[in-house]
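Report on the following structure.
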Amino acid sequence: MIQRQDLKKPVKRFLPENQVTPYAFSGIYKTYRDNIYRLVRARIGKSYDVEDLVQNVFMRVWEYRDELDPDRFSFGLLYRMTLNVVSSYKKHENIVRKHKDYLVNSDPPTADPDILFNEAVSRAEAIVLDLPPVQRDIFTLFLYEGMDRRQIAACKGLSVRTVDNQIYRARKKLKRELTVFQAGD
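Here the sequence shown stands for residues 637 to 821, where the numbers follow this note's numbering.
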């Protein structure tokens, strides 16, 4: 178990070459996994999703390994990454719950709510696939990967304003197309 004072120390001891190598990543994972697990478990409470979210946190560490500063990388950064992953998860769960509630409470009940929900999800995925490639990439990173606008801008070499514009346009198209889809039922 990690001592409280160790959580504030940079994890430079795992980064002998000042970069996150597979060996260094393994040390970070073994050291901090239990703490991240407990944090996620406390935030969401569902044990069957906790492992996936913990894995997502460490996948983000691996994906951003080239951008991490060994002198500043600490549990605090992992904590923030964890909170971002949990926040994205909760947003997604909330959207799914609201949509299912809407389908269950809509009149007249024409079909099983799960079937209607799966049709709507399939339609939404098709709409996202029809977006222009750059817009689709940006929207996918934002919605599914949970990256924020600045991270996407840095990753794609675009301005934050351009990323905002692309997300806005994708949401607008998604909303318009899904409204037509629901009205057509």
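Backbone N, C-alpha and C define an ideal beta-carbon position, used for all residues, glycine too.
Coarse secondary structure for residue i, derived from DSSP in three states
i      : result
SER710 : strand
ASP702 : coil
GLN682 : One point to set straight first is that residue 682 is Lys, not Gln, in the sequence displayed. In this structure, LYS682 counts as coil in the three-state DSSP scheme.
ASN801 : helix
Residue i burial status per 10 Å Cβ neighbour count (16 or more: buried)
i      : result
GLY782 : buried
THR718 : buried
VAL799 : buried
SER724 : buried
VAL676 : buried
VAL721 : buried
ILE664 : buried
Pairwise C-alpha distance: residue j and residue i
i      : j      : result
ASN671 : VAL693 : 12 angstroms
GLU813 : ARG696 : 32 angstroms
GLN639 : ARG669 : In this predicted model, GLN639 has a pLDDT of only 48, less than 50, meaning its place in the structure is not dependable; the value taken from the coordinates is given anyway. When rounded, the distance between both Cα atoms is 14 angstroms.
HIS735 : PHE753 : 7 angstroms
LEU704 : PHE661 : 12 angstroms
VAL686 : LYS727 : 15 angstroms
ILE788 : GLN771 : 11 angstroms
LYS811 : ARG701 : 35 angstroms
THR815 : GLU761 : 14 angstroms
TYR738 : VAL764 : 22 angstroms
GLN691 : GLU729 : 18 angstroms
SER795 : ILE774 : 12 angstroms
ALA678 : ARG716 : 15 angstroms
ARG785 : LYS792 : 11 angstroms
ASP766 : GLU755 : 17 angstroms
LEU711 : VAL740 : Checking the sequence shown, residue 711 turns out to be Phe, not Leu. Each residue's alpha carbon lies about 43 angstroms from the other.
LYS682 : LEU689 : 11 angstroms
Contact test: residue i Cβ vs the ligand MG heavy atom, cutoff 7 angstroms
i      : result
LEU767 : As for the ligand MG, it is missing from this structure, which has no ligand bound.
Threshold first: 4 residues or longer. Then list the alpha helix (DSSP H) segments lying entirely within the segment 741-798, N to C. 749-766, 769-779, 785-792
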